[in-house]
Each structure stands twice: as structure tokens, then as C-alpha cells.
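Following: one structure in C-alpha cells, then a few remarks.
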Amino acid sequence: MDIHPIQNEELELLLNDISMRYGYDFTEYSRASLQRRVQRLFLVDRFPSFAEFRYRLQNDCQYFKRFVEEITVNVTEMLRDPTFYRTLRTTILPILATYPFIRIWHAGCSTGEEVYSMAILLSESGLLHKSLLYGTDINPLVIEKARKGIFPVSQMQKYSENYIQSGGLKDFSRYYTANYHLAKFDSSLTARMIFSTHNLVSDFSFNEFQLILCRNVLIYFDRELQAKVFRLFDYSLENFGYLALGSKETLRFSPAAARYRQVGREKIWRKVKDAG
Amino acid sequence: MQGRLLVIGGSAGSLQVVLSILKGIGQGFPLPVLIVLHRNSIFESSLEDLLYVRTHLMIKEVEEKQVLLPGRVYVCPPDYHVLVEQDHTTSLDYSERVNFSRPSIDVTFRSAADVYGPGLSAVLLSGGNADGAEGMEYVQQRGGFTILQDPQTAEVPYMPQQVLLRMTVDRIASADELPAVIRGLAHK
């Protein structure tokens, strides 16, 4: 049992080093979660002292990659919160259907499960052929996985249940080919996806979208950074476009909130007025 | 910033004890109360409602970046870990389960101990899982006050037993004594 956790001041030093050396700024991440994950990495990799941990991070860019992978949270699943996807299916997609071309951004998509979920919904609404799904994440490794569209077969039962609860009427297994313990999702889905690294803290808007999904990402950011990211989304969202957040996240505290209207009870907001 | 906080952790067989504790402390308890219960994300989503109906206390589900206030009772939402920030706001975290649990009692105990130190009181109740034991030890190392439900009075004794295997807690109390013991924290 560790009784010498990394102190707040030490974490501060580390974050400043990383910002200077690599240009990744984690200083506005929720400190408690970050502290916990840095602490865990320090223990798992058995550093004898904070000084050695700090030195390694400053001087070994391969190790820094591992750091990014380990301190960002990459837990995700397909069709998580089925009622959310049911609302997308019944309320949002029929409106997006009126556009000649649909652009959707999954910000902080991790290994891509939500992007594949969305592609399935679009496909069942007959919209996939005129849609492009952009999946971005700060972490290059998860983006690599997302591109492959290969997920553990052991998850499929859970995903299939989510699928049915979300209003899916088909056999979920039609969307993947199982091979031993892996399930590879259909290339017709992947064909409409573009994956890329993007850092919500420092990177700019790269397109205009009708729908932006950013679920269970903002909980790791402090209020100031949340406000900054909302500005980025606001800027990247067409008028009358939609912003979807995680089930415990809200737009309420953002200055942009006044120009958005919540859709029903789900965490989906519609932009009703431009920043002007 | 130090302040005080009461965190109550429990799993299988702890709901009745939580209810009697909340009834026992009543309104105007001077510490914020944060409750971490293992719960099924689908079937028990209205735990706050249940607690409110039975206690008439101000019960809130934890929201992210919300300040913990005295006299309020906060319940961790299903499927998220809850951490406490230096400014006494809460953060939610959807990372890997800890001890097969999300929310994990260990995660909240540790995080709260880092912030509140000796101002923290941690209570661990009945359960069939080892979650919370490590956290109790950490709370004590950071100067906090640890209270354990006597395993002999626990519906599922495994969780409190795990604590006794690794440490000596500050106070052991039977299910019946717990409300009074916790009420006593108000005057500490």
C-alpha cells in the first residue's frame, strides 16, 4: 500500500514539463481523476522516486506516449445508454435526413465504439451513404484501433442487448464477422468514417457539422476548459445542429447555453441561434 | 481548504443501514454526507427517490463539479466513480471498474482522504466484496476517522471482515448503534 502519493505540487511540475516539452496541456483536466491515474502509472511502472518518473517523462518520448495512453480514460461501449440512441433514431436522424450531406463529429471517440454505433443507426435509417463520421481522440493508439473496427467478441452479447433496447429490429450479428475472440465490423460502415488525432485543449475547429457527440469526455475537464471546448463545438456546429453529451454532463453552465435548446430529456441540445 | 465530510460506503445488505443512519442524523447535520453504494445501473436508478421518501432529507445525485455542502446528502450515480477535488467539488469518472465496482468505494475514500485529511469520517457497511477496505486504511493514514459496521450485525459480513483483516478501525458499531455514533460526529 502506497503511503507516498504524488503530491499536488509534484503533479503541477510534471504537467508543466509535459506542456513545455510535448505541447500537451493537461493542466485544466479535473485534478482528482488525473492525480489518480498518474499515481497508478507511477506505481505500475515501479518508479523508485518522483524524480526518476519526471526525468523519464522529460527525456523519453516513447514513454510519454505510454503516459498519454494510460492517463486518458478509454472505457467505452457500443450503444451505451440505449434510450439516448433511441432518441437519436426517432428524433434527430429524421431531421438530419433532410440535409443533402450529413457530417458528424465524435469528439474523444476513444476506440470508436460510438462511431460504429452511429454508423449502424445511419445505415438503418438509409442515411449512411450520404454521411461522413469523423472520429477524433487525443490518443493515437485508440485511433489506430478505431480504424480497424475490431472489438472483442465477448462484448457482443451486451452490445446486442443495447441494440435491441435502442430500438434495433435486426439481428445485431449481421454487422460483424466473428473470428475466434474478435468481431470485425462491416467495411461498409468503416467506409464512411474518418479517424484522426485531435486535442480538444489546443486544436482548432476543422469542419462544420450537423451533429457533434462528445460523451463522457468533459467530465475529465475543469469548468474553464469545458467552457473553452463548448466554444469550439459552438464554432464547429451549423445553425440548427445538435450537440450530444454524456448522461451526467450538461451545457447549462456554459455561456453558449442561451443559444441552445435541450431536446426532450436526453443530453442533446440544438443550436437555435448563431453566435452572430 | 480542509473542512469536514462524511462518506458512507456499502454494498449488498447495506441499504437498510443507510436508511436508519439517515433517519438518525435527521436534518441540520453539519457535515455533507456522500454515499457510495454499489447498485445495479438499470434497476435502482431511483435510489435518491427511495431515500427521500423514507427520510425526507435533501437527497441529491452527485453531479460533476458540484460543491459539497453541509446538511445535504449526496448519492453517487450508477456506473461512475466519484472523486473529490481540492475545492470540495465532485468529479465523475467513467474509467475502469475497481474491485469489480463502479462506483468504487475505494476510489471515493482515497480521493476524499487526500482532500479532507483529518476532516474526513468514513463509514463502511455490509457487503459481499472487498471494495472499501484499502480505502479505509488510507483514510486512517491520512488522519481521518474510520467507522465500521460490526460484521456480526451485517447482512453480508464479507466487506467489513476484509477491513478487520488489515487494520484496526477507530470505531466498530452494530447496525443499531451506527446512527447514534454518526450523530456524535456532529460534536467532534
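For the protein sequence lines, the chains are G and L, in the order given. Using the working numbering, read the first sequence as starting at 16 and increasing by one per residue. Using the working numbering, read the second sequence as starting at 5 and increasing by one per residue. Quick reminder that beta carbons are idealized off the backbone N, C-alpha and C, glycines included.
Can you pull the chain G residues whose beta carbon is under 9 Å from the beta carbon of glutamine 90 (chain L), in chain order?
-> Asn23, Arg46, Ala47
Just by C-beta distance, which residues in the region 78-104 of chain L are closer than 7 Å to chain G?
-> Pro81, Tyr84, Leu87, Val88, Glu89, Gln90, Ser95, Leu96, Asp97, Tyr98, Ser99, Glu100
For arginine 146 (chain L), three-class secondary structure by DSSP | coil
Nearest to serine 269 (chain G) (by Cα), restricted to the options G:Phe245, G:Arg95, G:Glu92, G:Arg71 | G:Phe245
For lysine 185 (chain G), does the count of other Cβ atoms within 10 angstroms reach 16, so buried, or fall short, so exposed?
-> exposed
First and last residue of the uninterrupted alpha helix (DSSP H) at phenylalanine 65 (chain G) = 65-74
Residues of the region 109-131 of chain L with a CB closer than 9 Å to any CB of chain G: list them in chain order, please.
-> Val111, Arg114, Ser115, Asp118, Val119
Whole-angstrom Cβ separation of isoleucine 153 (chain G) and valine 83 (chain G), contact assumed at under 8 Å?
-> 7 Å
Residues sharing a beta bridge with cysteine 229 (chain G), DSSP = G:Leu260
Test item: CB-CB of proline 164 (chain L) and serine 130 (chain L) under 9 Å = yes
Pull up the distance between the alpha-carbon of arginine 146 (chain L) and that of aspartate 237 (chain G), whole angstroms please.
-> 26 Å
Anything in the region 58-75 of chain L with a Cβ closer than 9 Å to a Cβ of chain G? List those residues in chain order, please.
-> Glu65, Val66, Glu67, Glu68, Lys69
May I have the straight-line CA-CA distance separating arginine 69 (chain G) from leucine 29 (chain G), to the nearest angstrom?
-> 6 Å
Using 10 angstroms around the beta-carbon of leucine 240 (chain G), count the other beta-carbons present and answer buried if the total reaches 16, otherwise exposed.
-> buried
For a contact meaning CB atoms closer than 8 Å, what does proline 20 (chain G) contact in chain L?
-> Asp118
Do you know offhand how far tyrosine 120 (chain L)'s Cα is from isoleucine 186 (chain L)'s?
-> 17 Å
Are the beta-carbon atoms belonging to valine 86 (chain L) and glutamate 52 (chain L) less than 9 Å from one another?
-> no
Taking the C-alpha atoms as reference points, what is the distance between aspartate 96 (chain G) and proline 63 (chain G)?
-> 42 Å
Kindly list the residues whose CB is nearer than 6 Å to the CB of alanine 16 (chain L), restricted to its own chain and excluding five residues on each side of it in sequence; keep chain order.
-> Gly131, Gly132, Val160
Relative to the alpha-carbon of glycine 75 (chain L), which residue among L:Val37, L:His42, L:Asp97 has its alpha-carbon at the smallest distance?
-> L:Val37
Taking just the CA atoms, how far does alanine 112 (chain G) sit from serine 115 (chain L)?
-> 46 Å
For the region 37-123 of chain L, list the alpha helix (DSSP H) runs that are entirely contained and at least 4 residues long, ordered along the chain.
-> 51-59, 109-120
Hey, would you say phenylalanine 187 (chain G) sits closer than 9 Å to tyrosine 195 (chain G), going by beta carbons?
-> no
Determine the DSSP secondary structure at lysine 199 (chain G), reduced to helix, strand or coil.
-> strand
CA-CA distance, phenylalanine 221 (chain G) and histidine 92 (chain L)?
-> 36 Å
Excluding the five sequence neighbours on either side, which residues of its own chain have a C-beta within less than 7 Å of the C-beta of methionine 93 (chain G), listed in chain order?
-> Glu128, Tyr131, Ser132, Tyr174, Asn177
Select from L:Gly7, L:Val127, L:Ala184, L:His42 the residue whose C-alpha is nearest the C-alpha of proline 155 (chain L).
-> L:Val127
Any chain L beta carbon closer than 9 Å to lysine 160 (chain G) | no
Just checking my contact of threonine 112 (chain L) with valine 40 (chain L) at CB under 8 Å: how many whole Å lie between their CB atoms?
-> 5 Å
Measuring CB to CB, does tyrosine 257 (chain G) end up less than 9 Å from isoleucine 227 (chain G)?
-> yes
List the whole-angstrom C-beta distance separating proline 34 (chain L) from alanine 190 (chain L), where the pair is believed to meet the contact cut-off of C-beta under 8 Å.
-> 5 Å
For phenylalanine 221 (chain G), decide whether its Cβ has a neighbour in chain L, counting only Cβ atoms nearer than 9 Å.
-> no
May I have a chain-ordered list of the alpha helix (DSSP H) segments no shorter than 4 residues that lie completely inside the region 98-157 of chain G?
-> 108-111, 128-139
So which residues of chain B does isoleucine 234 (chain G) contact, with C-beta pairs closer than 9 Å?
-> Among the protein chains in the structure shown, which are G and L, there is no chain B.
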